[in-house]
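In the numbering used here, the protein residues as written are 31 to 204.
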């Protein structure tokens, strides 16, 4: 049931769970991320994201049988919840616009969760980002991009920023 159509008691319960999971995520990120290895950090990110999505009352069905380590995940961006849904299935580094870094709590969490921040309009910086993405893909890390560069209602496609897909194409050519 969507959060806005749920009864008040259920909405209140969900909001409290969401706030608790956000606080828990901040504590885990602050205390555990610096001392655990990549595998443990990805598992923590996956499990925390799944719990946060569940707190919203969203269930996930995903067929990832064909996903191999080092996937470039290309998706439409419907809401900020997309990030947690993807992380709950395939914990990924995300390419995001640079101004997200300044957002309270979410910017800090993103920076500590392998987000690759892109300065829009800078071709030189886009090349650096592509090198970072290619490096991650080459080491078996999954990377997610929203090539439309913004959220939409998902009913139509906007112009794709195709440069974000180039690192995966380069990996295929190897």
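C-beta atoms are modelled at their ideal positions from N, C-alpha and C, and glycine is treated no differently.
### Query
What separation, rounded to the nearest whole angstrom, lies between the Cα atoms of residue 110 and residue 200?
28 angstroms
### Query
Assuming residue 51 and residue 81 make a contact with CB atoms under 8 angstroms, what is their CB distance in whole Å?
6 angstroms
### Query
Does the segment 132-139 come within contact of the segment 62-69, defined as at least 3 CB pairs closer than 8 angstroms?
no
### Query
Are the segment 105-122 and the segment 53-65 touching by the rule of at least three beta carbon pairs closer than 8 angstroms?
no
### Task
Taking the CB atoms as reference points, tell me whether residue 118 and residue 173 lie closer together than 8 angstroms.
no
### Message
Alpha carbons only, please: which of 147, 158 and 120 is nearest the one belonging to residue 9?
### Response
What is shown of the chain runs 31 to 204, which leaves residue 9 out entirely.
### Task
Apply the 10 Å Cβ neighbour rule to residue 49 and answer buried if 16 or more other Cβ atoms are within range, or exposed otherwise.
exposed
### Message
Judging by CA-CA distance, which residue of 145, 143 and 103 is the nearest neighbour of residue 196?
### Response
103
### Task
Report yes if the C-beta distance between residue 170 and residue 121 is below 8 angstroms; otherwise report no.
no
#### Entry: Same chain only: Cβ atoms within 6 angstroms of residue 157, ignoring 5 sequence neighbours per side
none
### Query
From this set, 177, 114, 101 and 125, which residue's C-alpha is nearest residue 168's C-alpha?
101
### Query
Roughly how many angstroms separate the alpha carbons of residue 161 and residue 145, rounded to a whole number?
14 angstroms
### Query
So what does DSSP say about residue 35, is it helix, strand or coil?
coil
### Task
Return the residue from the list 141, 90 and 149 that minimises the CA-CA distance to residue 116.
90
### Query
Candidates 87, 88 and 113: which alpha carbon is nearest residue 143's?
113
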